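Presented below is the structure to which this report refers.
2 protein chains.
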Amino acid sequence: MDRARLITLDWGTSNLRARLLGDGGAVWQTRVSAGGGILAVPERRFADALSALCGDWIDEHRCPLVASGMIGSRQGWQEAPYLDCPATLADAATRLLPVAVGAGTDAMLHIVPGLRCVGADGQYDVMRGEETQLWGAALAAGRCCVLPGTHSKWAWVGARSAIERFQTHMTGEFYALLTQHGILGKLMQFGMPSAAAFAQGAQLGLQGHGTLMHTVFAARTAGLMERLPPAELPDFLSGILIGAEIGGALLSGAPAGPVALLGEAVLCERYAAAFAVAGLPTSRVDDDATTRGQWQLGLQAGLTGDSR
Amino acid sequence: MDRARLITLDWGTSNLRARLLGDGGAVWQTRVSAGGGILAVPERRFADALSALCGDWIDEHRCPLVASGMIGSRQGWQEAPYLDCPATLADAATRLLPVAVGAGTDAMLHIVPGLRCVGADGQYDVMRGEETQLWGAALAAGRCCVLPGTHSKWAWVGARSAIERFQTHMTGEFYALLTQHGILGKLMQFGMPSAAAFAQGAQLGLQGHGTLMHTVFAARTAGLMERLPPAELPDFLSGILIGAEIGGALLSGAPAGPVALLGEAVLCERYAAAFAVAGLPTSRVDDDATTRGQWQLGLQAGLTGDSR
């Protein structure tokens, strides 16, 4: 059997996904450790966790590994210092952090650095993992790209797919906190999607992002006044928050062309609907960008040549 | 011993406070049932809870009772329909909802209606309890009054202390959710106030209220980048949120004179500091306004005359 060229790890806070890549970055195998994110690894024994998931690959193929995500954070295996924006894939390829996998192998794990930028407000922003995804998507200069999630990322792309600047919006976390632990969730009934209530909320959030802590209170009064049934309140709130995210992010400039949406399909559809309410076109980017980015990083760093 | 003229109840979601008032509204006695709010009353047996706290007053003085707060909500004793804004104390005095206290007494409880208004965004806003506090404060026409809290209320006052319009901001709840259940709390160390970090946050919130879900992420990066020590992050976040509340509320018009702050002293000081960062003067209103408002309501409704 041929030797594989690279093992890629997408190792975040909650999950771990490993892939075995052959020539040209072809995906030979995928293994997922659901709930195997860095916070779930006991006593930070990352080498053991890695060995448990794909020790056989490492032994058999003796190829290098590339990892991106929170594994490079202070809570991860080893901290990979942030690269400052603007940053290209070529910049990152020269700054991979090598870590010995250990335990009877000379295999090396190369951790992709996260990115850092300073916003117009003078505050730092950070990402770990999304940079690899963005580079893998190989977006054209001038594109604005949104990666929806617990912490949504907005990124603006320059020449050579450089990430010029980006912004984090804690939209998914706000939704979870307000519905699971807050008063707004008490009037809600979950499980029945409502596109109409979502669009109504998105309209409200797009206009009311300047007073978000007031605007979301509409998700309570709409219930109290029986303007919306309990089953429609979750999507009404979701619309308010995503609308407010979009309304706020657009303050720093309208996108030149269609906004690129990168991530999980259901969430991207939700964002596309909110952008449509805002009158802005979107296009979906294929979701396998992380692996492509990791392959390109390994290639540019000279890791994938001859793995024997 | 003289007969009392009125028993007032400030009966909210979390707490119950009862007062026995004599001639002219003089406070004779105060009793507090900490944790005796409407959500803590088993099987909604409000008559029993009332009797346990001040059944002896009712038996001895046989005077009427006036109650304000969430006791008039759908989850309370009986729902007192909302009054629409603008609303004066005189309007509310004609709309008190009488409820028989029952259990061997002919005493009547009069529930003060909450207020409702429709914002510029077409959404309803509601309050229960704060209207009595505002009327008790007898504010001059043109004043803007802020009642800080879990759900802060901003009220704009018209002629005859009418509440022209108001806005709820869920600021206190956002702070609790983000620090107790969210990722921002994980880097924080609580218990050491920092006026400087609060002011820094307030400045940021005043400017960044349009992108709140992004702006609060600075409370994470300031920790990650060691710009602020863990002990200063709680007040930094508190500043961001209160600053964002103020920045957002001012979108609907700058206050004509000093903003009136009404409520608990420590929280009012915090708001005064944030308003100072915004360059806006404030003045503190004495905190016993609820009882004064309830006395005035009883007086105008003709309840306090002869209680025998």
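Chains as they are written, first to last, in my numbering: chain A, 359 to 666; chain B, 359 to 666.
Ideal Cβ positions, reconstructed from N, Cα and C, are used throughout, including at glycine.
From a predicted model like this one, the values you see are computed outputs, not experimental measurements.
8 angstroms contact criterion, which residue i and residue j should meet: CB distance rounded
i, j, result
"D483 of chain A", "F594 of chain B", "Not quite, the Cβ-Cβ distance comes to about 16 angstroms (not below 8 angstroms), so this is no contact."
"A450 of chain A", "E489 of chain A", "7 angstroms"
"T371 of chain B", "M428 of chain B", "5 angstroms"
"T598 of chain B", "A577 of chain B", "It is worth fixing the name first, because residue 598 of chain B is Ile in this sequence and not Thr. Correct: roughly 6 angstroms between the Cβ atoms."
"G530 of chain A", "S510 of chain A", "7 angstroms"
"H527 of chain A", "W512 of chain A", "7 angstroms"
"V459 of chain B", "L378 of chain B", "Contact doesn't hold; Cβ gap of about 15 angstroms is too wide."
"V635 of chain B", "A555 of chain B", "The pair is not a contact, with the Cβ atoms about 12 angstroms apart (cut-off 8 angstroms)."
"P592 of chain A", "F548 of chain A", "5 angstroms"
"A602 of chain A", "Q525 of chain A", "Contact doesn't hold; Cβ gap of about 13 angstroms is too wide."
"A659 of chain A", "H468 of chain A", "7 angstroms"
"R361 of chain B", "G494 of chain B", "About 23 angstroms; that fails the 8 angstroms criterion."
"L397 of chain A", "G430 of chain A", "14 angstroms between Cβ atoms; not a contact."
"L536 of chain B", "L545 of chain B", "Not really, about 12 angstroms apart at Cβ, beyond 8 angstroms."
Any non-hydrogen atom of the ligand GTP within 7 angstroms of residue i CB
i, result
"H572 of chain B", "By its list of ligands, the structure shown contains no ligand whatsoever, and the ligand GTP lies outside what it can speak to."
Backbone secondary structure at residue i - three-state DSSP
i, result
"P588 of chain B", "helix"
"H509 of chain A", "coil"
"V624 of chain B", "helix"
"T640 of chain A", "strand"
"F548 of chain A", "coil"
"H527 of chain B", "strand"
"R666 of chain B", "With a pLDDT of 37 at R666 of chain B, under the threshold of 50, the predicted position of this residue should be treated as unreliable, though the coordinate-derived value follows. Looking at R666 of chain B - three-state DSSP - the assignment turns out to be coil, as it is neither helix nor strand."
"R361 of chain A", "coil"
"M466 of chain B", "strand"
"W514 of chain A", "strand"
"L378 of chain B", "strand"
"Y440 of chain A", "coil"
"C421 of chain A", "coil"
"Q538 of chain B", "helix"
"P456 of chain B", "strand"
"M571 of chain B", "helix"
"T366 of chain A", "strand"
"S372 of chain A", "coil"
"L655 of chain B", "helix"
"M583 of chain A", "coil"
"D406 of chain A", "helix"
"L497 of chain A", "coil"
"Q433 of chain A", "coil"
"R474 of chain A", "strand"
"T490 of chain B", "helix"
Of the listed residues the options, nearest to residue i (C-alpha basis)
i, options, result
"L609 of chain B", "B:G568, B:G380 and B:V399", "B:G568"
"G393 of chain B", "B:D417, B:L411, B:A405 and B:V385", "B:L411"
"D644 of chain B", "B:L625, B:E627, B:G606 and B:L619", "B:L619"
"T463 of chain A", "A:G480, A:W493, A:D414 and A:G581", "A:D414"
"M466 of chain A", "A:V424, A:T452, A:G566 and A:R628", "A:V424"
"R642 of chain A", "A:Q652, A:V617, A:L661 and A:T649", "A:V617"
"A630 of chain B", "B:G651, B:I600 and B:R650", "B:I600"
"G480 of chain B", "A:G663, A:M546 and A:H572", "A:H572"
"A448 of chain B", "B:L655, B:R523, B:P506 and B:G663", "B:L655"
"P587 of chain A", "A:G566, A:M550 and A:A612", "A:M550"
"C502 of chain A", "A:K544, A:P639, A:G663 and A:L657", "A:P639"
"G605 of chain A", "B:S596, B:L570, B:T662 and B:G611", "B:L570"
"A517 of chain B", "B:G563, B:T446 and B:G543", "B:T446"
"W386 of chain A", "A:T452, A:W653 and A:Q491", "A:W653"
"E522 of chain B", "B:E590, B:G621, B:K544 and B:L492", "B:L492"
"E401 of chain B", "B:H419, B:A384 and B:G434", "B:G434"
"D417 of chain A", "A:S519, A:A614 and A:A461", "A:A461"
"T662 of chain A", "A:A384, A:C421 and A:W369", "A:C421"
"P506 of chain B", "B:A612, B:Q538 and B:R628", "B:R628"
"G563 of chain A", "A:G615, A:S596 and A:T452", "A:S596"
"G621 of chain A", "A:S519, A:G566 and A:V504", "A:V504"
"Q436 of chain A", "A:A405, A:T452 and A:G637", "A:A405"
Report the residues of the segment 530 to 549 of chain A with a CB closer than 9 angstroms to any CB of chain B, ordered along the chain. Taking 9 angstroms as the Cβ-Cβ cut-off against chain B, the residues of the segment 530 to 549 of chain A that qualify are E531, F532, A534, L535, L536, Q538, H539, G540, I541 and L542.
The segment 559 to 591 of chain A: positions lying closer than 9 angstroms to chain B by Cβ: Answer in chain order: L562, Q565, G566, H567, G568, T569, L570, M571, H572, T573, V574, F575, A576, R578, T579, A580, L582, M583 and R585.
May I ask you to list, following chain order, the residues of the segment 465 to 491 of chain B that have a beta carbon less than 7 angstroms from some beta carbon of chain A? Those would be D479, Q481, Y482, D483 and V484, in chain order.
Tell me which residues of the segment 602 to 630 of chain B have at least one Cβ-Cβ distance to chain A shorter than 9 angstroms, keeping chain order. Cβ contacts with chain A: A602, E603, G605, G606, A607, L609 and S610.
Does the segment 486 to 506 of chain B come close enough to the segment 426 to 443 of chain B that 3 or more CB-CB pairs lie under 8 angstroms? Touching, per the Cβ criterion.
With three or more C-beta pairs closer than 8 angstroms as the rule, is the segment 390 to 405 of chain A touching the segment 365 to 381 of chain B? Too few Cβ pairs lie closer than 8 angstroms, so no.
How do the segment 497 to 504 of chain B and the segment 578 to 587 of chain A stand: do at least 3 beta-carbon pairs fall below 8 angstroms, yes or no? When C-beta atoms of the segment 497 to 504 of chain B are compared with those of the segment 578 to 587 of chain A, fewer than three pairs fall below 8 angstroms, so the two segments do not count as touching.
Segment contact flag, the segment 466 to 475 of chain A with the segment 427 to 443 of chain A, C-beta cutoff 8 angstroms, min 3 pairs: Counting Cβ pairs under 8 angstroms, three or more are found: they touch.
Mind checking the segment 413 to 439 of chain A against chain B and listing, in chain order, the residues whose C-beta falls within less than 7 angstroms of any C-beta there? Answer set for the segment 413 to 439 of chain A: empty.
Where the segment 497 to 526 of chain A meets chain B: residues whose CB sits under 9 angstroms from a CB there: The residues in question are T508, H509, S510, W512, Q525 and T526.
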